[in-house]
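Engineer: I have a structure I would like to understand better, so I am pasting it below and will then ask my questions one at a time.
In this note's numbering, the protein residues as written are 173 to 624.
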């Protein structure tokens, strides 16, 4: 039985999804050895219609020949009357899908849109931001925001323009700040609730008040609303006696979990959990991430110590559960931390934790799996892939035990994306990608959606 099949990269009117130089999909029943094959069978239905997709926040391409009849195509008008049409070229993870856009001029003085970015995604919905050209003079509104919703149940895909978000004075109740507020990928998330309900939420983390309590502003937009709703000075609660990170820092990304929770995740320390069960009075809670052992060489300038890049991430693992993934450096003797030992340069352990979300009860991270780099490197199918630190962990929407990673070797100038079953300790797939050290590819830039 042949157990290796090629991954289909796909294309959109001849535009390649990504420069996939070599790829294979590994399927194992855990009993039979894997054999490489050289032929390329037809893509499976799962590859043609992926159950979920990965979107890169800046993976948007101008395409002036989008097929209006494509099953992912949708159109609308911008705030200045331009016609905007978008379509997605879908690919099965770990490959990333591509957003194509076409924007037509409405008047001689109006310029084309300068770019379309993916800000957030949840379920069949994607939040987009379109920049506007600043020549010959900056526009009054520098960007528009849209929500794309995939088609389904007999309805076509849709693209809707959102109302502008204006801020509120931080310390003056009810006083509007006339300045425009863009929605950014690190402070804004969307939460799909049921078939037709969608909530857009933006957070602004504040310095603690006079009593030492961390606070935040929330801006909410619901379907059918023409104005944003402002929730000022919402307290960020934490368990009594729970160690906080002092003044709260801003988040890096928003992760939707089920139809109730949004998690704004920061760097290394923790995340802010937002409970939208009652969106009239949303609640915020700070939860620390799993504590890592202290690494005395973390900030060392020793060039013999290879740094870890983008080594942690969190993702949804069920309606009220999150999974945290960390690549942790270790010494050849088994100790934690980076080491200059010849055998320890790229040594690491891959660890996953699970947490059940709640606003009122104590929470505890439960360690789910630990996998050593030697176990990973010895798996069937890993031959030829660089033995370096993993990067950019992303938890699968289908199976939270499955995590995708980037494997990048600057020395060999090679880059791969792999999928690993962390519980069964199996290499499921590998895609060799074009090596481009100038392009940013971080887990915080990736979004997950269900667009079929």
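Beta carbons: idealized from backbone N, C-alpha and C, even for Gly.
What are the complete beta strand (DSSP E) segments, minimum 3 residues, inside the region 520-552?
Structural biologist: Whole beta strand (DSSP E) segments, 3+ residues: 520-528, 538-544.
Engineer: Looking only at C-alpha atoms, which of 243, 251, 272 sits nearest to residue 229?
Structural biologist: Of the listed residues, the one whose Cα sits closest to residue 229 is 272.
Engineer: Run the CB neighbour count on residue 352, radius 10 Å, all protein chains shown included, and call it buried at 16 or more, exposed below.
Structural biologist: Burial call: exposed.
Engineer: When the Cα atoms are used, what is the spatial distance from residue 323 to residue 546?
Structural biologist: Those two C-alpha atoms are separated by around 44 Å.
Engineer: Output needed for residue 411: all residues of its chain with C-beta closer than 7 Å, excluding positions within five of it in sequence on either side, in chain order.
Structural biologist: Once the five neighbours on either side are set aside, the close Cβ partners of residue 411 are 534.
Engineer: Just checking my contact of residue 480 with residue 459 at CB under 8 Å: how many whole Å lie between their CB atoms?
Structural biologist: No, residue 480 and residue 459 are not in contact; Cβ-Cβ is about 23 Å, not under 8 Å.
Engineer: Across the region 567-578 and the region 484-499, are there enough close Cβ pairs to call them in contact, namely three or more that are closer than 8 Å?
Structural biologist: A contact exists between the region 567-578 and the region 484-499.
Engineer: Measuring only the C-alpha atoms, how far is residue 295 from residue 263?
Structural biologist: So the two alpha carbons sit approximately 16 Å from each other.
Engineer: Between the C-alpha atoms of residue 435 and residue 390, what's the straight-line distance to the nearest angstrom?
Structural biologist: Rounded to the nearest angstrom, the two C-alpha atoms are 13 Å apart.
Engineer: Can you have a look at residue 221 and say buried or exposed, based on whether 16 or more other CB atoms are within 10 angstroms of its CB?
Structural biologist: Answer is exposed; the Cβ neighbour count stays below 16.
Engineer: Alpha carbon to alpha carbon, how far is residue 234 from residue 623? Give it in angstroms, no decimals.
Structural biologist: Distance between the alpha carbons of residue 623 and residue 234 is about 20 Å.
Engineer: Tell me residue 369's beta-bridge partners as DSSP assigns them.
Structural biologist: The partner list for residue 369 (beta bridge, DSSP) reads 365.
Engineer: Is it right to say residue 604 is buried, meaning 16 or more other beta carbons lie within 10 angstroms of its own, or is it exposed?
Structural biologist: Residue 604 is buried by the Cβ-count criterion.
Engineer: Quick one: Cα of residue 329 to Cα of residue 243, how far?
Structural biologist: Rounded to whole angstroms, residue 329 to residue 243 spans 8 Å at the Cα level.
Engineer: Give the DSSP bridge partners of residue 518, in chain order.
Structural biologist: Partner(s): none; residue 518 has no beta bridge.
Engineer: Counting C-beta neighbours from all protein chains within 10 Å, is the total for residue 327 16 or more, i.e. buried, or is it exposed?
Structural biologist: Result: exposed.
Engineer: Which of the three DSSP states, helix, strand or coil, is assigned to residue 483?
Structural biologist: The answer is coil: DSSP assigns residue 483 none of H, G, I, E or B.
Engineer: My understanding is that residue 406 touches residue 354, with C-beta atoms under 8 Å, so please give their C-beta distance in whole angstroms.
Structural biologist: Not really, about 21 Å apart at Cβ, beyond 8 Å.
Engineer: How close, in whole Å, do the beta carbons of residue 331 and residue 246 come, if the pair is a contact with beta carbons under 8 Å?
Structural biologist: The Cβ separation is near 4 Å, so the contact holds.
Engineer: Any idea which residues DSSP pairs residue 576 with across the strands?
Structural biologist: The partner list for residue 576 (beta bridge, DSSP) reads 566, 591.
Engineer: Take residue 449 as the anchor and find which of 582, 358, 369 has the nearest alpha-carbon.
Structural biologist: Ranking 582, 358, 369 by Cα distance to residue 449 puts 369 first.
Engineer: Rounded to the nearest angstrom, what separates residue 260 and residue 620 at their Cα positions?
Structural biologist: Cα to Cα, the separation comes out at about 13 Å.
Engineer: Spatial neighbours of residue 316 within its chain, please: C-beta separation below 7 Å, excluding the five flanking residues on both sides.
Structural biologist: For residue 316, where only same-chain residues beyond five positions count, the Cβ hits under 7 Å are 250, 251, 302, 333.
Engineer: Let me know if residue 232 comes out buried or exposed under the rule of 16 or more other beta-carbons within 10 Å of its beta-carbon.
Structural biologist: Residue 232 comes out buried.
Engineer: Who are residue 399's beta bridge partners in DSSP?
Structural biologist: In the DSSP output, where bridge partners are listed per residue, residue 399 has none listed.
Engineer: So what's residue 615 in DSSP terms, helix, strand or just coil?
Structural biologist: Helix.
Engineer: Going by C-alpha distance, which of 293, 502, 365, 376 is nearest residue 487?
Structural biologist: Selected option, being the one with the closest Cα: 293.
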